[in-house]
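Worksheet: the structure to be examined is printed underneath.
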Amino acid sequence: MKKCFPLTFLLIVHLVAAQQRYDVVIDEIMPDPTPQIGLPASEWIELKNKSAVAIDLHGWRICDLGSKSGAFPSFVLQPDSFVIITGNAATTNFLPFGAVIGVSAFPSLDNNGETIFLQAADGRVIHAINYKLDWYPNDLKKEGGWSLEMRDTNHPCADGDNWTASINQLGGTPGRQNSVNGLSNDNNAPGLLNAFTSDSVTIHLIFASPLDSSSSTVLTNYAIDHGILFTQVELVPPLFNEAKLTTNTALAEKLIYTIRTTGLRDCAGNSLLNEQIITGKPSPVEQEDIIINEILFNPRTNGYDYVELYNRSDKIIDASVLSVCNRKTNGTLNAIT
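Structure below.
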């Protein structure tokens, strides 16, 4: 007689927190849902799991530079899958389109563009974008009702070159593959744009694109003259396009420093050509350190008014502390913006 023995099968679901940036990406956003084309009239974003493992989004948040949403409930996002994130009140409206997570305090998305980022439960930034209105290819879609979609999620830090307006007749593709999905090449080197000091021992370098952490956190990839050494470097979230460097001694006023970079790469692996930039520690500005040296108040048709400023001192001056003003009829000054 054959005997039957019960067999127990144990299904193990492997859930992990994202170990690296870009495991989950923001791949579609709807900052201006009106006029309504074919989707609910609410702001939303879409997340895509680019990794090879299922990820529980419990405790994650969507943030901008001034606020953050309530924590996500437990939701397992499978590999190569999508989920819509929106405010609690709009959740049911998006159920016909796919998986939805409703959150409290969903950040208001600026129609003209802003920085938004995805934050893991432990506070790490997983993905950030600084979207802009000019990512839309034409004025009609800039007026609202159309989402912005990422073309190629294999290049999540390619900025505006990898984003454009949805071409789906509904105005977007929440919960499913983007309508502009395709290949996009990111071959642009992360140029060094700016340098400034925030105190006597801290220098900030701003780059054109997010940096790769493995190269950008190596101290020997940065050098400065006048006998100064760097003792610490860190990437600044959420965009990671800024390196914050600490010096071993205080920077002197009225002295220009040259900073050189070598061996840096951006998040797409593009190498930054060896570059250099100058900066210095600003001195307090005093009367007539800066003078108005030239002015154009009556330009030709389609021209622009301007003033030219000249630093006649031997100081390094932080221009952000200055304003160009005119005088009101009551005698008070009015900053020109």
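Heads up: the sequence shown runs through residues -17 to 319, numbered per our numbering.
Ideal placement from N, C-alpha and C gives every residue a C-beta, glycine not left out.
Can you give me the C-alpha to C-alpha distance between PRO15 and LEU217, rounded to a whole angstrom? Using only the alpha carbons, I get a separation of about 34 Å.
Do you know offhand how far LEU187's Cα is from ALA317's?
-> Going by the C-alpha atoms only, they are around 29 Å apart.
Practice problem: From the DSSP output, in three-state form, read off GLY142 for me. | Solution: The answer is helix: DSSP assigns GLY142 an H, G or I state.
| message | Using only the alpha-carbon positions, how far apart do GLY80 and ILE27 sit? | response | Going from the Cα of GLY80 to the Cα of ILE27 covers about 13 Å.
Q) Are the segment 52 to 63 and the segment 127 to 134 touching, with three or more C-beta to C-beta distances below 8 Å? A) Contact fails: fewer than three Cβ-Cβ distances are below 8 Å.
Discussion item. Measuring straight from C-alpha to C-alpha, what distance separates LYS244 and SER195?
Written reply: Note that residue 244 is Thr in the sequence shown here, rather than Lys. Inter-residue distance for THR244 and SER195 is about 14 Å (C-alpha atoms, whole angstroms).
* Determine contact between the segment 53 to 68 and the segment 106 to 118, defined as no fewer than three beta-carbon pairs at a distance below 8 Å. => Because the criterion of three Cβ pairs below 8 Å is not met, the segment 53 to 68 and the segment 106 to 118 do not touch.
Worksheet item: What do you get for SER129, buried or exposed, if any count of 16 or more other CB atoms within 10 angstroms of its CB means buried?
Response: A residue is called buried when at least 16 other Cβ atoms come within 10 angstroms of its Cβ; SER129 meets this threshold and is buried.
TODO: Could you please give the first and the last residue of the uninterrupted beta strand (DSSP E) stretch that includes THR231?
DONE: From DSSP, THR231 is part of no beta strand (DSSP E); its letter is neither H nor E.
**OP:** Let me know if GLY154 comes out buried or exposed under the rule of 16 or more other beta-carbons within 10 Å of its beta-carbon.
**Re:** A residue is called buried when at least 16 other Cβ atoms come within 10 angstroms of its Cβ; GLY154 meets this threshold and is buried.
- Query: Do the CB positions of ILE206 and ILE241 come within less than 8 Å of each other?
  - Reply: Yes. Within cutoff.
Notebook entry, point to check: If you draw a straight line from the C-alpha of GLU257 to the C-alpha of ASN75, how long is it?
Noted result: Approximately 51 Å, taken between the alpha carbons.
- [ ] Starting from the C-beta of ILE274, find all residues in its chain whose C-beta is less than 6 Å away, skip the five residues before and the five after it, and write them out in chain order.
- [x] Hits under 6 Å: VAL289.
Taking the beta carbon of TYR292 as the centre, do at least 16 other beta carbons fall within 10 Å, making it buried, or is it exposed? TYR292 is exposed by the Cβ-count criterion.
- Counting only runs of 3+ residues fully inside the segment 2 to 45, write out the beta strand (DSSP E) ranges in chain order. Considered as a whole, the segment 2 to 45 harbours 6 to 12 and 26 to 31 as its complete beta strand (DSSP E) runs of no fewer than 3 residues, in chain order.
So does the segment 139 to 149 actually touch the segment 231 to 238, counting three or more Cβ pairs closer than 8 Å? Short answer: they don't touch.
- Which listed residue (GLU25, ASP143, ILE238 and LEU227) has its alpha carbon closest to that of VAL183: Per the Cα distances, LEU227.
Ordered along the chain, which non-local residues of its own chain (more than five positions away) have a Cβ less than 6 Å from that of LEU21? Answer for LEU21: LEU152, GLY153 and GLY154, listed in chain order.
*Around the C-beta of TYR239, are 16 or more other C-beta atoms found within 10 angstroms, so that it is buried, or is it exposed?*
The C-beta of TYR239 has 16 or more other C-beta atoms within 10 Å across all chains shown, which makes the residue buried.
Report yes if the C-beta distance between SER24 and ALA72 is below 8 Å; otherwise report no. Yes, the pair counts as a contact, with Cβ atoms nearer than the cut-off.
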